[in-house]
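Data first, discussion second: the structure below is written as structure tokens.
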Amino acid sequence: MGIQLAVGLILAIVTRANYMVVGALQFITNPFTAFPIYGGTFWLGRRILRSVGFPVRGARLPEGWGEMKVGEIIGHLEMGTAIGQGVICLIVGGIVAGLILGAMLDGVHYLGVRTTMTSAPAPEKKFDPNTPPPVP
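Have a look at this one:
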């Protein structure tokens, strides 16, 4: 969770986006919100993958993991099933959740712009030929 500010800066420069907004959005996933966001993303991805027939197994720690060192635990995990499938669930869930949230925000923005554009038109500025030009 540290490199996203630098990546956000680069993307803001390339896409000519507002860096302050992009930078502020990077702090949504802080230690208090990381578990609900990543947990929800994982859950969504897992549900989607299971619904299309992809056999997603749960990652289980090996027996006696409390007495093992971290390296021994990682050695007992099946990388292709436990960690790999977890990452796939996060990617699929993140893409789907991002598309849904993006579509909802785009709809809210569209309705807001549409409402603003259809409200009362701006008053026309009348030109008075007797008005002197502005002084610099």
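If you're matching positions, the sequence shown starts at 611 in this note's numbering and goes up one per residue. Quick reminder that beta carbons are idealized off the backbone N, C-alpha and C, glycines included.
Let's test the definition: count the other Cβ atoms within 10 Å of the Cβ of residue i and tell me whether it reaches 16, buried, or not, exposed.
{"i": "MET689", "result": "Low confidence applies to MET689: its pLDDT is 48, below 50, so where it sits in the model is not reliable, and the reading given next is rough at best. Exposed, because fewer than 16 other Cβ atoms sit within 10 Å of the Cβ of MET689."}
{"i": "VAL723", "result": "exposed"}
{"i": "VAL697", "result": "exposed"}
{"i": "VAL632", "result": "buried"}
{"i": "VAL702", "result": "buried"}
{"i": "MET611", "result": "Reliability of the predicted coordinates at MET611 is poor, the pLDDT of 49 falling under 50, and the value obtained from them is presented with this limitation in mind. Looking at its Cβ environment, which holds fewer than 16 other Cβ atoms inside 10 Å, MET611 is exposed."}
With a threshold of 8 Å on Cβ separation, who are the neighbours of residue i within its own chain once the five nearest residues in sequence on each side are excluded?
{"i": "GLY704", "result": "THR651 and GLY655"}
{"i": "LEU619", "result": "TYR629, VAL632 and GLY633"}
{"i": "ALA707", "result": "GLY650, THR651 and LEU654"}
Flag residue i as yes if its beta-carbon sits less than 8 Å from any beta-carbon of chain D, otherwise no.
{"i": "GLY696", "result": "Any reference to chain D falls outside this structure, which holds one protein chain only."}
Under 7 Å Cβ to Cβ from residue i, same chain only, skipping five residues before and after it: list those, please.
{"i": "ASP738", "result": "none"}
{"i": "GLN614", "result": "GLN636"}
Going by beta carbon distance, what residues of the same chain come within less than 6 Å of residue i, once the five residues before and after it are set aside?
{"i": "VAL662", "result": "none"}
At what residue ranges does the stretch 634-680 contain a whole run of the alpha helix (DSSP H), taking only runs of 4 or more? 644-661
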